[in-house]
Structure formats: C-alpha cells, structure tokens
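Below: the structure, in structure tokens.
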Amino acid sequence: EPEVTQTPSHQVTQMGQEVILRCVPISNHLYFYWYRQILGQKVEFLVSFYNNEISEKSEIFDDQFSVERPDGSNFTLKIRSTKLEDSAMYFCASTLRTGGNQPQHFGDGTRLSIL
Amino acid sequence: AQSVTQLDSQVPVFEEAPVELRCNYSSSVSVYLFWYVQYPNQGLQLLLKYLSGSTLVKGINGFEAEFNKSQTSFHLRKPSVHISDTAEYFCAVSETGTASKLTFGTGTRLQVTL
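Line order of the protein sequences matches chains A and B. No gaps in the numbering here: position 106 of the first sequence is 106 in the numbering used here, and each next residue is one more. Add 115 to the 1-based position in the second sequence for the numbering used here, that's all there is to it.
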C-alpha cells in the first residue's frame, strides 16, 4: 500500500536555528497537511495545502512557519527561528481529494527536539 | 468549532477481554468521525470512519464503533483484545463539506496484558 514518508525521523536543532521537515505524500494525492503532537498532548492541526496555496491554517501556524511544495513529490514545513516550545512530533498527511470525509494518510512523523 | 473528549487517558485490560474506548464530541455543524491508532514510534493509522448511513461501523483488526447522535458519542469497541492491540487510540472529527482538517481528542492508551 502506498505510504506517506517523512524525513528525518529525528531532528535535533539549537534554539533560533531554522529547520526544514520533509514529507513525500502519496503520489496521486493532491491535498497535504501538517499536524504536530507535543509530548503527552493531543495531535493538533497546523496547516492544509492544495494547488500550491495554503487552504487553511491554525493559530499555531504563525509567521515562523511556512510550507512549500518545491517539486512534484516533496512537501516541506519550515520553522524559521525555532523555539523550545516547537519541540514536538510533526506529522505529514495527504488525501486524494478534499472534503471532511476523506481519510487522511499519515507518515510516521519527525521528532523535533530543540535544545 | 469542534472538540473531542476522550474521557479515559489509560485503559488497562487483560488479553481476550472486551474493551470500550469512549469518545464524545461537540460541534455546531455535522461532522464525520474517525478512530486512528498509533503504535509506538509510528504514525497514525485509520481504524474506521463514520460518514453516513448505518451507525455501526466496522474497521480493521476487529474493531467497531457506534455513532450515537443524541449522545454525541462514537465509542470504539472490540469483543476480545490481543496483546498486539496495545497502542494509543485517537478519536477525531472533521466537518462535513469541503473543510477537511481533523480535530483530535487527547488519546486513550490501551494496555493489554496477559
């Protein structure tokens, strides 16, 4: 079965540094999402993306965050100047179509540790 | 806006015993409902979903859930659990219509022991 893949599995970064998390969605999927899960807390929506534009973003997704689809296969999340509270597991997801009824396919996540 | 409440943070159960993981939601609009499972160091895997129709939905690994609109609940059940069912279980909702973000509950840790 096709999978969403995320790299790296673990990223350690100094506070204030920029970090880019990478995702390869399922190849024929058109809608992409980022979520994060702070240790011990719920999974939270960050942003959705379609047709090279942000469709929706949460309050968490401030000016420090950006997303990009630099080519036909990758989908990236950039955090410009990391803070300690950015430490979390970040999940990428994709769907074939839009709509709340579409099951989202998740990657295994990138654990981001800010020192 | 929607919210999801999973009342039990942990549920210990013996192997081959039945289990129910509770989920309640709140929303001002109609929603779709999902259960996801997260095994250690892995991503979220869809167990089952309720979109419309029959309120009893069956998923993978022998799990099922029942949608109760009047009680705004979507409890997950399995008649006989296995050690391999030990994982974190998340209930989630999304709005009907074009919006598609998922709103998750805080998760329930199912711990199955011999």
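Just so it is clear, CB atoms sit at the ideal spot from N, CA and C, and this is done for glycine as well. From a predicted model like this one, the values you see are computed outputs, not experimental measurements.
Annotation: the continuous beta strand (DSSP E) that includes C23 of chain A extends over V19 to V24.
A check of alpha carbon separations from V196 of chain B across B:I175, B:T211, B:D123 and B:Y147 identifies B:I175 as the nearest.
Secondary structure at S199 of chain B: helix, using DSSP grouped into helix, strand and coil.
When Cβ-Cβ separations below 8 angstroms define contact, K216 of chain B makes contact with chain A. Under the rule that a run must span 3 or more residues, the beta strand (DSSP E) segments found entirely inside the region 71 to 104 of chain A read 75 to 79 and 88 to 95. For D108 of chain A, the residues of chain B that pass the 8 angstroms Cβ criterion are N156, Q157 and G158, in the order they occur in the chain. Residue contact with chain A for G212 of chain B: present (Cβ-Cβ distance below 8 angstroms to some residue of chain A). Interface annotation, N101 of chain A: in contact with chain B, CB-CB separation under 8 angstroms. Where L191 of chain B is concerned, the enclosing beta strand (DSSP E) starts and stops at S188 to K193.
Counting every other CB atom within 10 Å of its CB across the protein chains shown gives L122 of chain B a total below 16, marking it as exposed.
Here V144 of chain B is exposed. Its C-beta has fewer than 16 other C-beta atoms within 10 Å. Straight-line spacing of the CA atoms in L217 of chain B and A116 of chain B works out to 11 angstroms. Here the alpha carbon of E203 of chain B sits roughly 33 angstroms from the alpha carbon of N51 of chain A. The region 32 to 51 of chain A makes no contact with the region 127 to 145 of chain B; the number of CB pairs closer than 8 angstroms stays below 3. In the structure shown, N176 of chain B falls within a helical segment according to DSSP collapsed to helix, strand and coil.
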